[in-house]
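Asks:
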Amino acid sequence: MTDNPRPRAATSRKSSALSGRGRVPGDKSISHRAFMFGGLAAGETRVTGLLQGEDVLRTGEAMKAMGARVERQGAAWIIQGTGNGCLLEPEGPLDFGNAGTGVRLTIGLVGTYDMTTRFVGDTSLSRRPMGRVLDPLRQMGTQVVEAQAGDRLPITLRGPKHAAPITYRVPMPSAQVKSAVLLAGLNTPGVTTVVEPVMTRDHTEKMLLGFGAALEVKTDPEGVRHIRLEGQGTLKGQEIAVPGDPSSAAFPLVATLIVPGSDVVIENVLMNPTRTGLILTLQEMGADIEPMNRRASGGEEVADLRVRSSHLKGVAVPAERAPFMIDEYPVLAVAASFAEGETLMQGLEELRVKESDRLAAVAAGLKANGVDCTEGEATLAVRGRPEGKGLGGATVETHLDHRIAMSFLVMGLATEKPVTIDDETMIATSFPEFMALMRGLGAEIETVEEAV
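Per the working numbering: the sequence shown = residues 749 to 1200.
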C-alpha cells in the first residue's frame, strides 16, 4: 500500500487584484480514459495536453503493468496498446495511490478478464467504498476473492472464463459506475447495456465511439439514456488532444470572482454541457464569466473564459444539477461565503463518499473560518459576508483531499485574516501546477515545511 508523503502546510492571505492569463492542466476524466483506451486499442495512440498529475500517471502505470507500452515524447504521450481482450495479468498489485477514478474504472476494465488482479491504494483511497462498481461485475461473473469490510481496498479480483453480458440500471448518478460497466462490457461477448436515468459526464461514450467501439446511445421519452455496447470488438489507436479541466479551472475562476478588481483569462477550458454546472450556477449568482473563442477540439467544445471580480448573490442550486458539478461544490461553497444572502446546495449525498466526507469537511472548514453555514444530510446552506469581513484566521483539516485543500487556499485570498490548510501535498494528484499558476496571477500563497 502506498505511503502518504510528509504533510506540508500552506497559508493564503488577502491578495491584490488578480490579473493575467492562465492555462489549467488537461481534463482529469479524459486523461484517465486516454491512457486506458489507448492502452487497450490496437496500434498507436498519441495524447497531447494530458494531465500529468499523480492520479492519472497511476492509471498509465497500471496499463503498462498489463502489457501496454506507454512513454512520453516531448509534449506528447505515445501509447502502444495491447488490443481489446489482450491485457496481461499483472505480476504485482496495481497501486492507485489516491486515484478514485483510476481504480474504479480499471476494476471495471479488468473484471471480465480470466485473470487475478489485486488493487491497492493510499490511506484515503482505502477508505472509499468500491461496492458500487463491484456489484455489477459480480453479476457478470467476477469473483471478489479479497476485499476489506464494506468492499474497500485492498481488493483482489478473479475474472470469469466467460463473462456474461448484463443490462444494468445505474442506481445513482455516477459516471464512474456507468463507465466501469461499459469497460467490463468491452471484453464480454454479446451486448452490455447501461440504463442511466440521470445523465452524467459522457466522456466514456464519446471516447469509445472515437476509438471505434460498436456503441449506441438512445434516450427514451422519459429522458432515460440506454447505452448499448457490443463486446469483443476492435478498438483502434487515436490522436487525442485533452482540453483543460473545468474542475481545475474552478479554482482560479472563483478566486478571480472574490478578489476585488481581478480580471483573468483562463484558456482552453472544456465546455462539455455535463461539466459546466459550476459556471451556470456562478452566472446565476451574478458572476461576470464570458466564454470567448469557442471551438471544437477532439470532439469536445472548448473556450477561453474571461472572468472579472463580481458582486455575488445567493441562489438555490437544484439537486438535479449535482451530477454536472459534483467536484466543484467545495469551491462553490467558498464563493458563496462572499455572496450576499444565502446559497442553498442540494443533492449532495455523493460528496459523502469522495476523497473525504467532502460535505462534512467543507462545512467544518467554513465554520472554523467564521462562515455561517448549515450542513444537512445532503444539503449545505451558506450565508455569505460580502468582502469577507471577519472571515478567516483558522487552520483547515484537508483529510487528504485535494479539492478541500485548493478550495480553502482560494478562500484565504479574500478573507480579512489568512487561511491555513494542514497539508497541500495531495494537490499534486490532480493539479500539480496549482501553486505556480495562482502565484503567477498574483495570489499570495506560501507553503511551510512541517517541522520534522
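We put the beta carbon where it would ideally sit given N, CA and C, even for glycine.
Predicted model, so just to flag it, every value in this text is computed and none were measured.
Starting from R1042 and walking both ways along the beta strand (DSSP E), at which residues does that stretch end?
Replies: Note, R1042: beta strand (DSSP E), 1036-1045.
Asks: Taking C-beta to C-beta, are E1038 and R1054 nearer than 9 Å?
Replies: Closer than 9 Å, so yes.
Asks: DSSP three-state label for S777, please.
Replies: Three-state result, S777: helix.
Asks: Where DSSP assigns a beta bridge to D1052, which residues make up the other side?
Replies: M1040, per the DSSP bridge assignment.
Asks: Could you compute how far the alpha carbon of I1175 sits from the alpha carbon of P969?
Replies: Each residue's alpha carbon lies about 42 Å from the other.
Asks: Look at the alpha carbon of L1157 and the alpha carbon of V1130, and state the distance between them as a whole number of angstroms.
Replies: The alpha-carbon atoms of L1157 and V1130 are separated by roughly 18 Å.
Asks: Three-state secondary structure (DSSP) at S1178?
Replies: DSSP places S1178 in coil when its eight states are reduced to three.
Asks: Among G879, A895, E964, P937, which residue has its Cα nearest to the Cα of V925?
Replies: Considering only alpha carbons, the answer is G879.
Asks: Mind checking who C1121 pairs with in its DSSP beta bridge?
Replies: Answer is V1130.
Asks: According to DSSP, simplified to helix, strand and coil, what is M1033?
Replies: Of the three classes helix, strand and coil, the one that applies to M1033 here is coil, per DSSP.
Asks: Go through the segment 830-915 residue by residue and report every complete run of the alpha helix (DSSP H) that reaches 4 residues or more, in order.
Replies: Here the runs fully enclosed are 848-859, 879-888.
Asks: Looking at V818 and G786, is the spacing between their C-beta atoms short of 9 Å?
Replies: Yes; because the gap between Cβ atoms is below 9 Å, this pair is in contact.
Asks: Alpha carbon to alpha carbon, how far is L905 from D870?
Replies: Going from the Cα of L905 to the Cα of D870 covers about 19 Å.
Asks: Beta carbon of G1140, beta carbon of V1101: below 9 Å?
Replies: Contact flag unset, no.
Asks: Taking P921 and P753 to be in contact with their CB atoms under 8 Å, please state how far apart those CB atoms are, rounded to whole angstroms.
Replies: Going by Cβ atoms, the distance from P921 to P753 rounds to 33 Å, so no, they are not a contact pair.
Asks: Here's the rule I'm using: 16 or more other beta-carbon atoms within 10 Å means buried, otherwise exposed. How should T967 be labelled?
Replies: The residue in question, T967, is exposed, as its Cβ has fewer than 16 Cβ neighbours within 10 Å.
Asks: With a CB to CB cut of under 7 Å and the five nearest residues on each side skipped, what residues in its chain are close to G1136?
Replies: Excluding positions up to five away in sequence, the list reads F1086, A1162, T1163, E1164.
Asks: Keeping to the same chain, check which residues put their C-beta closer than 6 Å to that of A1064; ignore five residues upstream and five downstream.
Replies: The residues are L1092.
Asks: Given 8 Å as the limit, is there contact between the segment 1000-1017 and the segment 850-859, that is, 3 or more CB pairs closer than that?
Replies: Too few Cβ pairs lie closer than 8 Å, so no.
Asks: Using the beta-carbon count (16 or more within 10 Å), is L1005 buried or exposed?
Replies: L1005 is buried by the Cβ-count criterion.
Asks: Starting from the C-beta of E1198, find all residues in its chain whose C-beta is less than 7 Å away, skip the five residues before and the five after it, and write them out in chain order.
Replies: Caution is warranted here: a pLDDT of 44 is assigned to E1198, below 50, making its placement in the model unreliable, and no coordinate value can be reported.
Asks: I think N1020 touches R949, with their Cβ atoms under 8 Å apart; what is that distance to the nearest whole Å?
Replies: 7 Å between Cβ atoms; contact.
Asks: With the cut-off set at 9 Å, would you say M1033 and A1051 are in Cβ contact?
Replies: It is not a contact, given that the beta carbons lie outside the stated cut-off.
Asks: Quick check: S996 and F783, are their CB atoms within less than 9 Å of each other?
Replies: For S996 and F783, no; Cβs fall outside 9 Å.
Asks: Distance check for V1119 and L882, CA to CA, integer angstroms please.
Replies: In a straight line, the C-alpha of L882 is about 39 Å away from that of V1119.
Asks: Run through the DSSP bridge pairs and tell me what M757 is partnered with.
Replies: What sits at residue 757 in the sequence shown is Ala, not Met. According to DSSP, which records beta bridges pairwise, A757 is partnered with V1196.
Asks: N1016 to E1097, Cα distance in whole Å?
Replies: If I take the Cα positions, the gap works out to 31 Å.
Asks: By the DSSP assignment, the alpha helix (DSSP H) with M811 in it spans what residues?
Replies: Here the alpha helix (DSSP H) through M811 covers 802-813.
Asks: Can you name the start and end residues of the beta strand (DSSP E) that I988 belongs to?
Replies: 987-989 is the span of the beta strand (DSSP E), which, as asked, contains I988.
Asks: Put S1085 into one of helix, strand or coil per three-state DSSP.
Replies: S1085: coil per DSSP, three-state reduction.
Asks: Classify L963 as helix, strand or coil using the three-state DSSP reduction.
Replies: Residue state, collapsed to three classes: strand.
Asks: Are the CB atoms of S872 and E1103 within a distance shorter than 9 Å?
Replies: Contact flag set, yes.
Asks: Would you mind sorting T1122 into buried or exposed? The rule is 16 or more other CB atoms within 10 Å of its CB.
Replies: T1122 should be labelled exposed.
Asks: Measuring CA to CA, which of G1188, T807, E1192, I1193 is closest to R771?
Replies: Of the candidates G1188, T807, E1192, I1193, the one whose C-alpha sits nearest the C-alpha of R771 is G1188.
Asks: Spatial neighbours of E1088 within its chain, please: C-beta separation below 6 Å, excluding the five flanking residues on both sides.
Replies: So the list reads K1061, P1134, once near-sequence residues are dropped.
Asks: Expressed to the nearest angstrom, what Euclidean distance is found between the alpha-carbon atoms of D1036 and Q887?
Replies: C-alpha separation (whole angstroms): 48 Å.
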